[in-house]
Each structure stands twice: as C-alpha cells, then as structure tokens.
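In order, the protein sequences belong to chains A and B. Heads up, the working numbering is the position in the first sequence plus 21, with the first residue counted as 1. Heads up, the working numbering is the position in the second sequence plus 81, with the first residue counted as 1. Accompanying notes for the structure given below.
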Amino acid sequence: MTSSISMLMLITVLWSRCNILASAEPTTTQERWATIQDINKDQIKVETTSDKVWAELVELYQNQSQRWIGGIVEKYVNEWGFRFNPDTIMVAEVTIEAIQTTIRGISQNLGYWLGNMAVVAARVIEIHQPQPVGGIVIPVDKFVLLAPYIGLTSIIVAISVASVLYAKRKRSQKA
Amino acid sequence: MKSNKRQKPEGMKHRVRAEKKREERIALTVTVALLIAIIFVSGLLIPPMLKQPSTNSPSVSKVAIVDHLSLTYSNQTFVETTTNTLKQAGYAVDYYRGEEVTVEFYRNLPAHNYAIIILRVHSSATQSTGSEAPVTLFTSERVSTTKHVYEQMTDQLMWVSYSGEEKEKGIEYFGISPLFVTQSMRGRFQNTVIIMMGCEGLENSLMAKAFVEKGAKVYISWDGSVSASHTDTATTHLLQHFLIERRTVDESLLETFKEVGSDPVYESLLDYYPVEACDYAI
Numbered sequence: 022m023t024s025s026i027s028m029l030m031l032i033t034v035l036w037s038r039c040n041i042l043a044s045a046e047p048t049t050t051q052e053r054w055a056t057i058q059d060i061n062k063d064q065i066k067v068e069t070t071s072d073k074v075w076a077e078l079v080e081l082y083q084n085q086s087q088r089w090i091g092g093i094v095e096k097y098v099n100e101w102g103f104r105f106n107p108d109t110i111m112v113a114e115v116t117i118e119a120i121q122t123t124i125r126g127i128s129q130n131l132g133y134w135l136g137n138m139a140v141v142a143a144r145v146i147e148i149h150q151p152q153p154v155g156g157i158v159i160p161v162d163k164f165v166l167l168a169p170y171i172g173l174t175s176i177i178v179a180i181s182v183a184s185v186l187y188a189k190r191k192r193s194q195k196a
Numbered sequence: 082m083k084s085n086k087r088q089k090p091e092g093m094k095h096r097v098r099a100e101k102k103r104e105e106r107i108a109l110t111v112t113v114a115l116l117i118a119i120i121f122v123s124g125l126l127i128p129p130m131l132k133q134p135s136t137n138s139p140s141v142s143k144v145a146i147v148d149h150l151s152l153t154y155s156n157q158t159f160v161e162t163t164t165n166t167l168k169q170a171g172y173a174v175d176y177y178r179g180e181e182v183t184v185e186f187y188r189n190l191p192a193h194n195y196a197i198i199i200l201r202v203h204s205s206a207t208q209s210t211g212s213e214a215p216v217t218l219f220t221s222e223r224v225s226t227t228k229h230v231y232e233q234m235t236d237q238l239m240w241v242s243y244s245g246e247e248k249e250k251g252i253e254y255f256g257i258s259p260l261f262v263t264q265s266m267r268g269r270f271q272n273t274v275i276i277m278m279g280c281e282g283l284e285n286s287l288m289a290k291a292f293v294e295k296g297a298k299v300y301i302s303w304d305g306s307v308s309a310s311h312t313d314t315a316t317t318h319l320l321q322h323f324l325i326e327r328r329t330v331d332e333s334l335l336e337t338f339k340e341v342g343s344d345p346v347y348e349s350l351l352d353y354y355p356v357e358a359c360d361y362a363i
C-alpha cells in the first residue's frame, strides 16, 4: 500500500517536472517578433506592441545596422530567464551608459535588472510576422495553351493542301 | 477495228470518269479532315457554360464554409466556433475541405442556393510583377494546359501561386477571376451574403461586382492583405453581430472593427459592397 502511494507520488512529481521542462521552451505572446543578436553573438526574441518600433526593427533587419535595443526587463520562461516587456521596447542610436549591457549580462545579474530599463548593442537577425492569406496572380500563357492545337491544325491543313496539290498535278498530267 | 475504235473512246471516258471520281474522293477526304479538325478544336474550346445549369431545388437557410485555407492555415477552432454560431442562428452548415475547392466546385456554387457563403480562401489582386490584377480566388486544382482551355483563353481562369518562390518551383493553381463568376458559374445566387475572408478581396471592386451581378446581396471582404489569424478572429466577431445579434451589415462591421481593429501587420480593414447593402440585416 505504502509502496503504491510512493510510486504514485513519484509519477506525479516526474509528470509535473516534465511539464516544467516543456514550458521552459522559448515562447512568444505576440504574432510578430524579431530575433536580435548582441556583440557576444547571444540571441533573444524581442516582441513589441508598437507598430512604430516594429517598423524600426524591420528596417534594422533590412539594413543590418547595429543599434541599442531593449526595454524594461521582466521574468520570462526562456533560456535567459527574462525578456524585454513588449510595451516598452526601444530602438536607439545613443543611450545613457547606465542602461547598456548584454543579454548574458542581464541573465547573470537578473536580480539587478528586473523591472529596470536595459539595452543591448545588437543586430536584428530574424523577423517573424504572420503570412498573409494571399499570393500572386500569374497571367495565363496563351501561346503555351494553344500550341498543341496550332500544331494539330497546321498538320491537318498541310496534309489537305498537299492532297489538293497532288490531285491538281495528277489532273494536269492526265490532260 | 470497229471494236478497237469503240474501245478507245470507252477507255478514255472510263479513265476520265475514274479520274473525276478520284478527285471527288480526295475532295471529300479533305473536307472530312477539315471538318474533323474544326470539330476537334472547337469541341475543346466550347464554353462549358453552354451546358444546361443544374437546377437544384432551393434549400432554405444553408450556409457553406469553403475552407480552402485548411490546406495551409488549418484552424479547427474557427471551424467549430463558426459552425456553432451558424447553428445557433438556425442554419444548416455544409463544410468543404481545401481539396474540394476546385474549378468545378466554384462553377456549381450558386446552384446550391446558400444563404451565406463563407469563403475562407487564399485570394490575391496582385500580379507577380507587382501590378494590380482583378481579385482572384485560389482553387486547390493544379494548373494544366489541357483542362478548362476555354476559360483560360478568356481570362476567366488565371494561374495563381502562394508566393514567388512557389511560382519558381512551378507550383501553380487555377484561380477564379471575376469573369468566371459572371460567365461560367451555373445558376444564380439568391440574395446570398458572401464573406470573402482572403487577402485583397476589396482591393478593387471587380470580384464584388461580379458576385452582386450574379445575384449576391452583399460581398464582405478585406481592402488589403490579412493574416489567417486576424481574418479568423474578425469573421467570428462579424458572424456573432450579423447572425446572432441580427445587426445590419454596417453595424456588424463597425462593431467588429471596435473589437478587433485592423490587421495588426497589414493594417487592412473589412469593407463591403455595394454601399446600398449597409442597412441589410438577416
């Protein structure tokens, strides 16, 4: 009886541990996010609720420039244990030195940075946004479409003309 | 001698007659060959719209969910939520999977006499060159140069692709243009409400006009690109206002906008055609 209860408890503990491990996967709450890479080549996903900031991130991705990117640090379930609050994301060319750090620096000193503004010198290396339910329209290549029929008709016409010419020639020979 | 003289003219006549017959045979053969060629070519190009439209008896309060997006952006939650809303509003629901959305499917769509048609489909009004095209609805039928030749020749069917990369790989499908709606769809819509959830459905009004010309009461769609998640969310809200709360088209769209806003990425908005349908309610 006791061993059964112990086994049940062990299974429960293992199951909950599995769930904790599963939830430790990096997650995002927004439909769009950018992955930034700092000077140490460390990467983190950045989400923003601001269209203006999003446009800046997309531009940074396109021109591959380095900027100070960051926001207010908050706890989060990912490999670093934090994220930048999506409502507070900033992209700047110049910032005060006191808030400059690195991804690893924040992660290793989380107690200090939690709830404070922090920025890292980084490049945007990936942009993710939902794909539209659209596509492209391609004009129909009508020549490709008609080619077999043109070929067939040409053959029939050629045979017909040849037959008529042959018949005329035979008739003129007879005459 | 006499018999020889007789035989000679007879031989000449015989030969002339035989020659004439031979020429007649050749002429006949040529004519038959030409006729066969004409029949063969025109047979392939005869518009299928000349065929008699099927005459299904009118069915009351039926709704179609045409889920072409099930192939690329499947959303079972949307399907279940929408089906429940429609049933709650008293409609019977016909659900069509992406694989069923072919040219023939679209051709027969009006014949089912649906009260509402929800087109959860890919659509585009942008050519591969970037210039504007008539709004075109995607099918799941791969392009073929031997099928629907007449419709392709007359721009009723276009070729469409999900992206430039897919086009490069030769992955192209038939797309339904507004001309197909007006010229090749069998039967007429009976004041049907068309909810076209795809991209750019009202980028221009050509598709909307075609549906209305074919008997639709109102055509609701997006004025630009839209993501699958946003169009699903917005349509769910729209149906709630339009069918359950029985609000007008205009009010339903306004309420939906207040709740979900424009597409967060593409900034497109839901709109409707024609303007006269603003006060229409179920």
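Think of the CB as a built atom: it goes at the ideal place given N, C-alpha and C, for glycine as much as any other residue.
Coil, strand or helix - residue i by DSSP
i: residue 75 (chain A); result: helix
i: residue 161 (chain B); result: helix
i: residue 48 (chain A); result: Residue placement at residue 48 (chain A) cannot be trusted, given a pLDDT of 44 that sits under 50; what the coordinates show is reported in the next sentence. Residue state, collapsed to three classes: coil.
i: residue 95 (chain B); result: helix
i: residue 101 (chain A); result: coil
i: residue 346 (chain B); result: coil
i: residue 144 (chain A); result: strand
i: residue 168 (chain B); result: helix
i: residue 229 (chain B); result: coil
i: residue 126 (chain A); result: helix
i: residue 205 (chain B); result: strand
i: residue 244 (chain B); result: coil
i: residue 88 (chain A); result: strand
Below-8 Å beta-carbon distance, residue i vs any chain A residue
i: residue 239 (chain B); result: yes
i: residue 226 (chain B); result: yes
i: residue 234 (chain B); result: yes
i: residue 358 (chain B); result: no
i: residue 173 (chain B); result: no
i: residue 93 (chain B); result: no
i: residue 154 (chain B); result: yes
i: residue 100 (chain B); result: yes
Cβ of residue i within 8 Å of any chain B Cβ
i: residue 48 (chain A); result: Residue placement at residue 48 (chain A) is flagged as unreliable, the pLDDT there being 44, under the threshold of 50; a coordinate-derived value is accordingly withheld.
i: residue 186 (chain A); result: no
i: residue 107 (chain A); result: no
i: residue 192 (chain A); result: yes
i: residue 172 (chain A); result: no
i: residue 180 (chain A); result: yes
i: residue 148 (chain A); result: no
i: residue 85 (chain A); result: no
i: residue 110 (chain A); result: no
i: residue 121 (chain A); result: no
Distance between residue j and residue i (C-alpha atoms, nearest Å)
i: residue 53 (chain A); j: residue 146 (chain A); result: 14 Å
i: residue 304 (chain B); j: residue 205 (chain B); result: 11 Å
i: residue 180 (chain B); j: residue 149 (chain B); result: 7 Å
i: residue 55 (chain A); j: residue 301 (chain B); result: 33 Å
i: residue 99 (chain A); j: residue 75 (chain A); result: 21 Å
i: residue 81 (chain A); j: residue 87 (chain A); result: 7 Å
i: residue 262 (chain B); j: residue 150 (chain A); result: 33 Å
i: residue 345 (chain B); j: residue 199 (chain B); result: 22 Å
i: residue 64 (chain A); j: residue 90 (chain A); result: 12 Å
i: residue 334 (chain B); j: residue 163 (chain B); result: 17 Å
i: residue 129 (chain A); j: residue 84 (chain A); result: 31 Å
i: residue 184 (chain B); j: residue 361 (chain B); result: 30 Å
i: residue 58 (chain A); j: residue 310 (chain B); result: 28 Å
i: residue 350 (chain B); j: residue 92 (chain A); result: 31 Å
i: residue 148 (chain A); j: residue 156 (chain A); result: 20 Å
For this session: Closer than 8 Å, Cβ to Cβ, to anything on chain B: give me those residues from the segment 53 to 81 of chain A, in chain order.
Result: 53, 72
Exercise. Taking a cut of 7 Å between CB atoms, which residues from the segment 206 to 222 of chain B lie near chain A?
Worked result: 207, 208, 209, 214, 217, 219
Problem set entry | Near-chain A residues of the segment 297 to 312 of chain B (beta-carbon distance less than 7 Å), N- to C-terminal order | 306, 307, 308, 309, 310, 312
Exercise. Between the segment 155 to 162 of chain A and the segment 231 to 240 of chain B, do at least 3 Cβ pairs fall closer than 8 Å?
Worked result: yes
Exercise. In the segment 127 to 146 of chain A, which residues sit with their C-beta less than 8 Å from some C-beta in chain B, listed in chain order?
Worked result: none
For this session: Indicate whether the contact test is met: 3 or more Cβ pairs, each with one atom in the segment 105 to 117 of chain B and one in the segment 183 to 194 of chain A, closer than 8 Å.
Result: yes
Problem set entry | Contacting positions in the segment 322 to 346 of chain B - beta carbon closer than 8 Å to chain A | 345, 346
Problem set entry | Residues within the segment 155 to 170 of chain A neighbouring chain B, beta-carbon criterion of under 9 Å | 155, 156, 157, 158, 159, 160, 161, 162, 163, 165, 166, 167, 168, 169, 170
For this session: Pull out every residue of the segment 253 to 270 of chain B whose Cβ sits closer than 9 Å to any Cβ of chain A, in chain order.
Result: 253, 254, 256, 258
Problem set entry | At least 3 beta-carbon pairs within less than 8 Å: the segment 206 to 216 of chain B vs the segment 112 to 119 of chain A | no
Exercise. The segment 179 to 206 of chain B: which residues have C-beta closer than 7 Å to a C-beta of chain A, in chain order?
Worked result: 203, 204, 205
Exercise. Within the chosen definition, does the segment 244 to 261 of chain B reach the segment 168 to 176 of chain B through at least 3 CB pairs nearer than 8 Å?
Worked result: no
Exercise. Along the segment 270 to 289 of chain B, what residues have a CB closer than 9 Å to any CB found in chain A?
Worked result: 278, 279, 280, 281
Problem set entry | Three CB pairs or more closer than 8 Å across the segment 187 to 201 of chain B and the segment 266 to 280 of chain B | yes
Exercise. Would you call the segment 167 to 181 of chain A and the segment 213 to 222 of chain B in contact, with 3 or more CB pairs under 8 Å?
Worked result: no
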